[in-house]
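Chemist: Quick note: the sequence shown uses this note's numbering, first residue 640, plus one each step. First the structure, which I've put down as structure tokens, then a few questions once you've had a look.
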Amino acid sequence: MNRAEKANLQLRAVAVLRMLKETRTYDELAAVTDLPAGDLNRYVNGHVLPSLDRAEEIVGGVGRDELAAELEARVRVDGEGYVDNSAVVFDQSFLDLVAPVAAEAFGFDRPDVVLTAATDGITLGAAMADYFGARVAYAKKSKETAVEEFIESRQRLQSGIELTYYLPASAIDAGDTVLVVDDLIRSGETQELLLDIAERADASVGGVFTLIAVGDEGLERAEGRTAAPVGALTTYEA
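Encoded structure:
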């Protein structure tokens with residue numbers, strides 16, 4: 640980790656603490672983080688940055704648990720298992736906090752490209768790409784009019800419907816490391832198509848990340864396609 644990456648992690652840790660502080664006293668925040676209230680006060684108010692070890696603990700440890708709890712508080716799941724996560728995917732500031740937490744919690748290395756699917760995955764993809772300093776690319780179910788070459792992946796779903804995603808061929812270079820992200824994973828069919836696109840581009844997969852997993856099927860399907868880390872911030876029963 641270079642100096643810029645270390646500073647970025649320390650600043651992200653402060654951002655996580657400030658979010659947690661919005662609903663807690665310093666004593667309550669100390670109980671959650673196991674850090675002295677006085678130190679937390681200095682971090683939150685910008686007087687000093689946490690050490691690298693503390694920043695990693697805040698972001699990858701307590702940050703993951705608390706962001707998962709915040710995510711669950713914002714998500715609505717109806718009786719048929721349909722998920723409304725609009726309060727999350729429309730909040731870019733929240734997603735900006737998720738990116739370093741995911742990187743630390745699941746051990747994702749810096750990718751060259753963050754790949755997602757239009758449309759709900761775009762805001763998360765942008766947050767992850769910004770954190771890593773990577774390019775962001777998103778596959779669509781239709782072709783862009785002015786683009787000449789595409790990477791195309793298609794799959795016939797269990798329902799009999801054929802799902803096809805297209806990505807401009809220039810979005811990923813051979814040899815790139817690709818991090819596949821999406822806001823939600825259920826069956827894993829969309830993520831499998833994205834992994835197939837990365838494979839067709841002769842890129843390597845650095846990981847698969849989703850905010851929400853509904854059941855285990857999708858995560859297990861992704862794990863069956865790559866040896867890279869696969870993770871979800873929170874999981875709901877199918």
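In this text, a Cβ means the ideal position worked out from N, Cα and C, and glycines have one as well.
With 16 other CB atoms within 10 Å as the buried threshold, where does Ala861 fall?
Modeler: In the sequence shown, the residue the question calls residue 861 occupies position 222. With 16 or more other Cβ atoms within 10 Å, it is buried.
Chemist: Can you give me the start and stop residues for the alpha helix (DSSP H) that Leu806 sits inside?
Modeler: Indexing the sequence shown from 1 puts residue 806 at position 167. Not the alpha helix (DSSP H): Leu806 falls in the beta strand (DSSP E), residues Glu801 to Pro807.
Chemist: Is the number of C-beta pairs between the segment 805-812 and the segment 705-715 that are closer than 8 Å three or more?
Modeler: Too few Cβ pairs lie closer than 8 Å, so no.
Chemist: Quick one: measure Cβ to Cβ for Glu695 and Glu644, integer angstroms, because I've assumed they're closer than 8 Å.
Modeler: The count along the sequence shown starts at 1 and reaches residue 695 at position 56. The count along the sequence shown starts at 1 and reaches residue 644 at position 5. Not a contact, Cβ separation roughly 12 Å.
Chemist: For Glu709, which residues of its own chain have a beta-carbon under 8 Å away from its beta-carbon, when the five flanking residues on both sides are left out?
Modeler: Walking along the sequence shown from the start, residue 709 turns up at place 70. Counting only Cβ-Cβ distances below 8 Å, and skipping sequence neighbours, we find Met658 and Phe733.
Chemist: Tell me which same chain residues have a C-beta within less than 6 Å of the C-beta of Asp723, skipping the five on either side of it?
Modeler: In the sequence shown, counting from the first residue as 1, residue 723 sits at position 84. Within the same chain, Asp723 has close Cβ partners Arg715.
Chemist: Using only alpha-carbon positions, find the residue among Glu859, Leu650, Leu850 and Gly857 that is nearest to Ala871.
Modeler: The residue labelled residue 871 in the question sits at position 232 within the sequence shown. Closest by alpha carbon: Leu850.
Chemist: For the putative contact between Thr865 and Val847, defined by C-beta atoms under 8 Å, what is the C-beta separation to the nearest angstrom?
Modeler: Indexing the sequence shown from 1 puts residue 865 at position 226. Indexing the sequence shown from 1 puts residue 847 at position 208. About 7 Å; that satisfies the 8 Å criterion.
Chemist: Please classify Arg703 as buried or exposed, where buried requires at least 16 neighbouring CB atoms within 10 angstroms.
Modeler: Locating residue 703 in the sequence shown gives position 64, counting from the first residue. Arg703 is buried by the Cβ-count criterion.
Chemist: Can you have a look at Leu796 and say buried or exposed, based on whether 16 or more other CB atoms are within 10 angstroms of its CB?
Modeler: Taking the first residue of the sequence shown as position 1, residue 796 is located at position 157. Looking at its Cβ environment, which holds fewer than 16 other Cβ atoms inside 10 Å, Leu796 is exposed.
Chemist: Taking a contact to mean a Cβ-Cβ separation below 7 Å, would you say Leu818 touches Val753 in this structure?
Modeler: Counting from 1 along the sequence shown, the entry for residue 818 is found at position 179. Counting from 1 along the sequence shown, the entry for residue 753 is found at position 114. Yes, these two residues count as a Cβ contact at 7 Å.
Chemist: Would you mind working out which of Gly799, Glu705 and Ala726 sits nearest Leu668, comparing C-alpha positions?
Modeler: To locate residue 668, count along the sequence shown from 1; it is residue 29. The residue with the shortest Cα to Cα distance from Leu668 is Glu705.
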